[in-house]
Amino acid sequence: MRLLWRRTVGQRLRTIDMKVFLRGFVVGLVFSGLGAANAALFEDDDARRAILELRQKIEAMRIESDQRFNARQLEVDRKTTDDSTQLRRSLLDLQNQIEALRTELANQRGANERLARDVAELQRRQKDADQQLEDRLRKLEPTKVTVDGREFMADPDEQRSYNDALAIFKKGEFASAQTAFVSFLGRYPSGGYAPSSLFWLGNAQYATRNYAEAIINFRQVISLAPEHMRAPEAALAMANCQIELKDVKAARKTLTDLVKVYPQSEAAANAKERLSRLK
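Offset between the sequence shown (1-based) and the numbering used here: plus 1.
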């Protein structure tokens, strides 16, 4: 019995000790858990402060970055604005220069056109002047003419003056013809037209009954150009003037010389007829 009781008591004691141990262990665990919890709580506060500090640093960095970015952006905007203003000024200056060049080019074109017109006008005037000079030289340049079977050189003015005087004679204006031929012979006394001019002048004087002057001019024809085709006619006309002046002796001699010198001429045949009638 005692042994059984002792065993029972021992088992109970061991059971009680185990319970006490377990209770102490649990209490230890509880206190140990409470310490860890408190330690964790302290660590969470530090972390929060660290996070807050980190957030504050990040925010400060963000603000500083934003400020730097804004400042940089302002600087870029200012520089862009300055560059844009300078570019607009440069473009405006370039446009003004282009307009000035266009104006200058237009003025130059206008000046070139005026110069071209002036040159064309000068060329036209020069051409006209050259033509006029050529015409004048052509008028002054002697040309070969044939009058009353004679060929000689005469300038255009000489030809025109002779033809004008002869035209007056052919119209029957004998007084005017005398003036024209006298003027012509005064200008061209030894020209190729001289024998013919003296002949027509004598005929104009004969027509106006200026026989003495006519005889002088007819005689000049014969003495100046005895081979002239008008020389036989001049001799016959001179004899007629002498007959009009009642100088029969002189007329007979003139007619006789005519027949002798120009026997084959028509004037010689007329002279023979006149001689037969002179007493």
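Note that CB positions come from ideal geometry on N, CA and C, so glycine has one too.
When we look at the beta-carbon of residue i and count the other beta-carbons within 10 Å, is it buried (16 or more) or exposed?
i	result
Asn241	buried
Gly203	buried
Gly173	exposed
Ala48	exposed
Arg56	exposed
Phe185	buried
Glu159	buried
Phe175	buried
Leu259	buried
Pro190	exposed
Gln179	buried
Arg275	buried
Thr255	buried
Met154	exposed
Leu106	exposed
Ser66	exposed
Ser91	exposed
Ala238	buried
Arg278	exposed
Ala101	exposed
Ala51	exposed
Ala112	exposed
Ala272	buried
Ala215	buried
Opposite residue i in the DSSP bridges: which residues?
i	result
Met154	Lys145
Using a Cβ-Cβ cutoff of less than 6 Å, which residues in the same chain neighbour residue i once the five nearest sequence positions on both sides are dropped?
i	result
Glu228	none
Arg63	none
Thr82	none
Ala251	Gln243
Leu116	none
Lys261	none
Leu225	Pro196
Glu152	none
Once the 5 residues before and after residue i are set aside, which same chain residues still bring their CB inside 7 Å of it?
i	result
Asp119	none
Ile223	Ala232, Ala235 and Ala236
Phe182	Ala166, Ser198, Trp201, Leu202 and Ala205
Gly192	Ala155 and Glu159
Tyr163	Phe185, Tyr194 and Ser198
Arg253	Leu276 and Leu279
Ile99	none
Would a check of beta-carbon distances place residue i closer than 9 Å to chain E?
i	result
Gly193	Protein chain content of the structure displayed is limited to a single chain, and chain E is not contained in it.
Closer than 8 Å by C-beta to residue i: which residues in its own chain qualify, once you throw out the five before and the five after it? Chain order, please.
i	result
Arg126	none
Leu35	With a pLDDT of only 48 at Leu35, under the threshold of 50, the placement of this residue in the model should not be trusted; the figure read from the coordinates follows. Around Leu35: no qualifying Cβ.
Val148	Tyr163, Gly193, Tyr194 and Ser197
Arg210	Glu245
Ser177	Ile169
Leu141	Asp156, Pro157 and Asp158
Next item on the list: Could you tell me whether the segment 232-240 touches the segment 200-219, where touching means 3 or more Cβ pairs closer than 8 Å?
Entry: Touching, yes.
Note to self: Taking 8 Å as the cut-off, does the segment 200-215 touch the segment 156-170 (at least 3 CB pairs, one atom from each stretch)?
What the structure shows: Touching, yes, given that three or more Cβ pairs across the two stretches are closer than 8 Å.
Check: How about the segment 241-251 and the segment 259-267: do they share at least three Cβ pairs that are nearer than 8 Å?
Finding: No, they do not touch.
Item checked: Whole alpha helix (DSSP H) elements within the segment 156-241, 4-residue minimum -> Residue ranges of uninterrupted alpha helix (DSSP H) with 4 or more members, entirely inside the segment 156-241 and ordered along the chain, are 157-171, 175-188, 195-208 and 212-225.
Next item on the list: Let me know the alpha helix (DSSP H) ranges lying completely inside the segment 80-125, each 4 residues or longer, listed in chain order.
Entry: Whole alpha helix (DSSP H) segments, 4+ residues: zero.
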